[in-house]
Amino acid sequence: MMTLTLEEFNQCISDLYEQSQQIHDRWQLLKTSKGSYLVYSFVDQDHLKHEFHIVYSESYAVPVLYFNISHLDGSLLSLDDVWQLFTHKKTSKMYETITQQEHSILHRPFFVLHPCHTENVLKQVADQPIKKKFLFWLSIYGQSVGLPLSVHYAID
1086 MMTLTLEEFN QCISDLYEQS QQIHDRWQLL KTSKGSYLVY SFVDQDHLKH
1136 EFHIVYSESY AVPVLYFNIS HLDGSLLSLD DVWQLFTHKK TSKMYETITQ
1186 QEHSILHRPF FVLHPCHTEN VLKQVADQPI KKKFLFWLSI YGQSVGLPLS
1236 VHYAID
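Quick note, the sequence shown lines up with residues 1086 to 1241 if you use this note's numbering.
Structure (structure tokens):
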């Protein structure tokens, strides 16, 4: 099985956050009684706010990428609107796995890239250290929904 323990996940998000601080990136590490997670947000040229959360899935024992896209007034895009944003990525099947569900920590609706295929993605880098597996996952899943990820994270 190619999964992460909660401890490995927490180490990966802590490492990413520390690296983010060094390169002056936008990641925030939030710690709650329900678990720790990373947040990244930005406003694009179309005045849409993108907010990404990396959360641990206890069911699948893998990281999960939650995200919301909203207008500046706070109104969320619909699932159909989100699919339309990513239909240009025909080479990627990731947009087909976008669903809307309750955020596992915040308990409010978020879009999510369903984690059912994450283990198979991680198997492609099974021989790599856990930090590289995590970054590999993040680069694939994040890129599929517009999360910018600096190449500086790939540099040790």
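Glycine residues also receive a C-beta, built at the ideal position from the N, C-alpha and C atoms.
Quick caveat: nothing in here was measured; it's all calculated off a predicted structure.
{"Item": "For Gly-1231, does the three-state DSSP call read helix, strand or coil?", "Value": "coil"}
{"Item": "What separation, rounded to the nearest whole angstrom, lies between the Cα atoms of Lys-1218 and His-1132?", "Value": "33 Å"}
{"Item": "Quick check for students: name the residue ranges of the beta strand (DSSP E) that lie wholly in the segment 1110 to 1172, counting only runs of 3 or more.", "Value": "1113 to 1117, 1120 to 1128, 1133 to 1142, 1147 to 1156"}
{"Item": "Could you give the uninterrupted runs of the alpha helix (DSSP H) lying entirely in the segment 1177 to 1209, keeping only those of 4 residues or more?", "Value": "1203 to 1208"}
{"Item": "Decide yes or no for the touch test of the segment 1189 to 1209 against the segment 1109 to 1124: beta carbon pairs closer than 8 Å, at least 3 of them.", "Value": "yes"}
{"Item": "Can you have a look at Gly-1159 and say buried or exposed, based on whether 16 or more other CB atoms are within 10 angstroms of its CB?", "Value": "exposed"}
{"Item": "Would you call the CB atoms of Gln-1185 and Phe-1196 closer than 9 Å?", "Value": "yes"}
{"Item": "Is it buried or exposed for Leu-1164, if we count other Cβ within 10 angstroms and need 16 for buried?", "Value": "exposed"}
{"Item": "Near Gln-1113, which residues of its chain fall below 8 Å by C-beta distance, leaving aside the five closest residues on each side in sequence?", "Value": "Tyr-1102, Leu-1123, Val-1124, Tyr-1125"}
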